[in-house]
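Q:
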Amino acid sequence: DAGVIQSPRHEVTEMGQEVTLRCKPISGHDYLFWYRQTMMRGLELLIYFNNNVPIDDSGMPEDRFSAKMPNASFSTLKIQPSEPRDSAVYFCASSLTGAYGYTFGSGTRLTVV
Amino acid sequence: GIQVEQSPPDLILQEGANSTLRCNFSDSVNNLQWFHQNPWGQLINLFYIPSGTKQNGRLSATTVATERYSLLYISSSQTTDSGVYFCAHNNNAGNMLTFGGGTRLMVKP
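From first to last, the protein sequence lines are chains S and V. Quick note on numbering: the first sequence equals residues 16 to 128 in my numbering. Quick note on numbering: the second sequence equals residues 201 to 309 in my numbering.
#1: Name the DSSP bridge partner or partners of G216 (chain V)?
#2: Determine, using beta carbons only, whether Y248 (chain V) comes closer than 8 Å to chain S.
#3: Is the beta carbon of Y50 (chain S) less than 8 Å from the beta carbon of N65 (chain S)?
#4: Going by the DSSP bridge assignment, what does N245 (chain V) pair with across the sheet?
#5: Please classify R100 (chain S): does DSSP put it in a helix, a strand, or coil?
#6: Which residues bound the beta strand (DSSP E) around V284 (chain V)?
#7: With DSSP collapsed to three states, give me the class of E29 (chain S).
#8: DSSP on E77 (chain S), reduced to helix/strand/coil?
#9: Using the three-state DSSP reduction, which class does T280 (chain V) fall into: helix, strand or coil?
#10: For G120 (chain S) and C38 (chain S), which I take to be in contact (beta-carbon distance under 8 Å), what is that distance rounded to the nearest angstrom?
#11: Using a Cβ-Cβ cut-off of less than 9 Å, list which residues of the segment 257-286 of chain V approach chain S; keep chain order.
#12: Pull up the distance between the alpha-carbon of G122 (chain S) and that of S219 (chain V), whole angstroms please.
#13: Give the residues of chain A in contact with M296 (chain V), contact being defined as C-beta atoms less than 8 Å apart.
#14: Would you say S42 (chain S) lies against chain V (beta-carbon separation less than 8 Å)?
#15: Alpha carbon to alpha carbon, how far is L259 (chain V) from A17 (chain S)? Give it in angstroms, no decimals.
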């Protein structure tokens, strides 16, 4: 398996633009997680899915953020409109059990100018 | 929520040295895990260690759940060990991984 695949690796966008981050989890993993990493706040869980269903989105910072998982092999995290404070590295991870065995993607470094 | 404190926050080692990283919790935690984030940002799961001791090559981890701490041992450190080491735990439902602040390690040749 190629692991968890995220795209793009880097994204630079202007404030106010829509940004879509993409993730392909490991085949067979029932859990998918979106994390954000910043210097100030460290690694934060934004939302997670189980069997394509959003289970907990309490970490999503604002209504500007939304996430979907239309099928078992694809998820998106969308920010609309983007703001400079959204600049961070966004990680996607998947797990078979949800409790351990996490595999992280390489992350998307987002810069909003 | 449960507070997770990692120490030391920063560590510089000479190649070949041994080190111990510590993770303290304010309350009982579930499913304690250790991760390594390399200098390129990739996060790798090192250990799932809810209790007891595990070893993988030069790395080993011990969790004493009753005393609310976990230790990560790195022996004969190499430059490739550089990066940030995180401990993390799950919430009671077991599906939300919360990370500590990390220990930043630099191993010098």
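Every residue, glycine too, gets a C-beta built ideally from N, C-alpha and C. Bear in mind the structure is a predicted one, so any value in this text is a computation, not a measurement.
A: The short version:
#1: Partner(s): none; G216 (chain V) has no beta bridge.
#2: yes
#3: no
#4: V:F235
#5: helix
#6: 283-290
#7: coil
#8: coil
#9: helix
#10: 6 Å
#11: F286
#12: 28 Å
#13: This model lacks chain A altogether; the protein chains it does include are S and V.
#14: no
#15: 25 Å
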